[in-house]
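Chemist: Just remember that this note's numbering sits 2 ahead of the position in the sequence shown, which is counted from 1.
Mind looking over this structure? Questions follow.
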Amino acid sequence: MNNKFAVVTTFHESGYIQYGKRMIETFLTNWPTEVQLYIYAEDCNVVETAPNLIVYDLHTESPELVAFKEKWRGVPKAIGQEPKGPPGRNGKQPGIGFKWDAIRFAHKVYSIFHVAKNTDADILLWMDADMVCHSPITVEKLNQLCPSDYDLAFLGRGHKYSECGLYAMNLRSANTRTFLDIFQAMYDDAEHGIFTLNEWHDSYVFDEVRNIVHHISAIKELDWAKGLIKGEGHPLINSEWGAYLDHLKGSRKDLGKSKSSDILVDRNEEYWK
Numbered sequence: 003m004n005n006k007f008a009v010v011t012t013f014h015e016s017g018y019i020q021y022g023k024r025m026i027e028t029f030l031t032n033w034p035t036e037v038q039l040y041i042y043a044e045d046c047n048v049v050e051t052a053p054n055l056i057v058y059d060l061h062t063e064s065p066e067l068v069a070f071k072e073k074w075r076g077v078p079k080a081i082g083q084e085p086k087g088p089p090g091r092n093g094k095q096p097g098i099g100f101k102w103d104a105i106r107f108a109h110k111v112y113s114i115f116h117v118a119k120n121t122d123a124d125i126l127l128w129m130d131a132d133m134v135c136h137s138p139i140t141v142e143k144l145n146q147l148c149p150s151d152y153d154l155a156f157l158g159r160g161h162k163y164s165e166c167g168l169y170a171m172n173l174r175s176a177n178t179r180t181f182l183d184i185f186q187a188m189y190d191d192a193e194h195g196i197f198t199l200n201e202w203h204d205s206y207v208f209d210e211v212r213n214i215v216h217h218i219s220a221i222k223e224l225d226w227a228k229g230l231i232k233g234e235g236h237p238l239i240n241s242e243w244g245a246y247l248d249h250l251k252g253s254r255k256d257l258g259k260s261k262s263s264d265i266l267v268d269r270n271e272e273y274w275k
């Protein structure tokens, strides 16, 4: 039996202009019409329309996010501006930079928390808004990539934190619900949650919560990138997802496409030629 799928993403106005519009347009062109795309827009107007496109105002729908931002806005440690120790061997100082910008990544996780409680989908996928859905994908393929006997599916990178530009959650699973409850609690009670961790960007927190849930229940996980990447790299385009998606991480947004040097496997799709 096919699962019912939904995808969620979020962006602010400049992100919508730079990459969000392209993500929406390519999704509507290449994804099945029965897959709903939930957009949590931050202070911007989305002009695209489609029966399977649902647009929410992020701040209206998530008072928890608003409360989080009001509490931590301007607090140095919550925005990556409070040193946590001396610089490491790479010259970078812990506590300074995006890895400790909790406010930045809170928009993403609170979008997930809201839609997970309000969608009737079986499988919910988070997709970064700087994704390009370059080739058609079918519901049958989605069922293969996101089998219903797994609780979570994600892109692992060995000993480095996971690549959380894309991951899937089985909302029919009690283990997944436990994962989401703990994930949200880490932000709702940040002082005793994310701020007790070594880093507090969403990918690091995602892995920490997975580890917590592993001690509670036998959560079943699928690593789409297992064996592909260890440490830095671009696991998505080297996994099966590369046949359908490109992730314009970092400077790739300006290029409009991932670099040929990012590709470590044979990619025969037209988009990559």
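Positions of the beta carbon are idealized from the N, C-alpha and C atoms, including for glycine.
What number of angstroms, rounded off, separates the C-alpha of Gly244 from the C-alpha of Ala80?
Modeler: Cα-Cα distance, rounded: 34 Å.
Chemist: Given 8 Å as the limit, is there contact between the region 134–145 and the region 84–98, that is, 3 or more CB pairs closer than that?
Modeler: Contact fails: fewer than three Cβ-Cβ distances are below 8 Å.
Chemist: Do you know offhand how far Lys259's Cα is from His61's?
Modeler: When rounded, the distance between both Cα atoms is 31 Å.
Chemist: Is Thr140 helix, strand or coil by DSSP?
Modeler: Coil, per DSSP.
Chemist: So what's Gln38 in DSSP terms, helix, strand or just coil?
Modeler: Strand.
Chemist: Can you tell me the Cβ-Cβ gap for Leu224 and Tyr152, rounded? I've got them flagged as a contact below 8 Å.
Modeler: Rounded, the Cβ-Cβ distance is 4 Å, consistent with contact.
Chemist: Between the beta-carbon of Thr12 and the beta-carbon of Met129, is there less than 8 Å?
Modeler: No, the Cβ-Cβ distance between Thr12 and Met129 is not below 8 Å.
Chemist: Would you report the Cα separation of Asp204 and Asp191, rounded to the nearest angstrom?
Modeler: Distance between the alpha carbons of Asp204 and Asp191: 15 Å.
Chemist: Pick helix, strand or coil for Arg24, following the three-state DSSP scheme.
Modeler: Arg24 falls in the helix class under three-state DSSP.
Chemist: Considering Lys71, what are the terminal residues of the alpha helix (DSSP H) in which it resides?
Modeler: Element bounds for Lys71: 65–74.
Chemist: In whole angstroms, what separates the C-alpha of Asn172 from that of Ser164?
Modeler: So the alpha carbons of these two residues sit roughly 18 Å apart.
Chemist: Is the beta carbon of Thr180 closer than 8 Å to that of Ser219?
Modeler: Yes, these two residues count as a Cβ contact at 8 Å.
Chemist: What residue range does the beta strand (DSSP E) around Lys255 cover?
Modeler: Counting along the chain, Lys255 falls outside any beta strand (DSSP E), though it belongs to the alpha helix (DSSP H) covering 254–257.
Chemist: Under the three-state reduction of DSSP, which class applies to Gln95: helix, strand or coil?
Modeler: DSSP places Gln95 in coil when its eight states are reduced to three.
Chemist: Work out the CA separation of Arg269 and Cys135 for me, nearest whole Å.
Modeler: Going by the C-alpha atoms only, they are around 15 Å apart.
Chemist: In this structure, how does DSSP classify Trp202 when only helix, strand and coil are distinguished?
Modeler: It is coil, neither helix nor strand.
Chemist: Does the pairing of the region 202–217 with the region 96–106 give three or more beta-carbon distances under 8 Å?
Modeler: Counting Cβ pairs under 8 Å, three or more are found: they touch.
Chemist: How is Lys162 classed by DSSP in three states: helix, strand or coil?
Modeler: Strand.
Chemist: Just to confirm, is the Cβ distance from Tyr189 to Ser113 under 8 Å?
Modeler: Going by C-beta atoms, Tyr189 is not nearer than 8 Å to Ser113.
Chemist: Applying the criterion that 16 or more other CB atoms from any shown protein chain within 10 Å of the CB defines a buried residue, is Asn213 buried or exposed?
Modeler: The residue is exposed, with fewer than 16 neighbouring Cβ atoms inside 10 Å.
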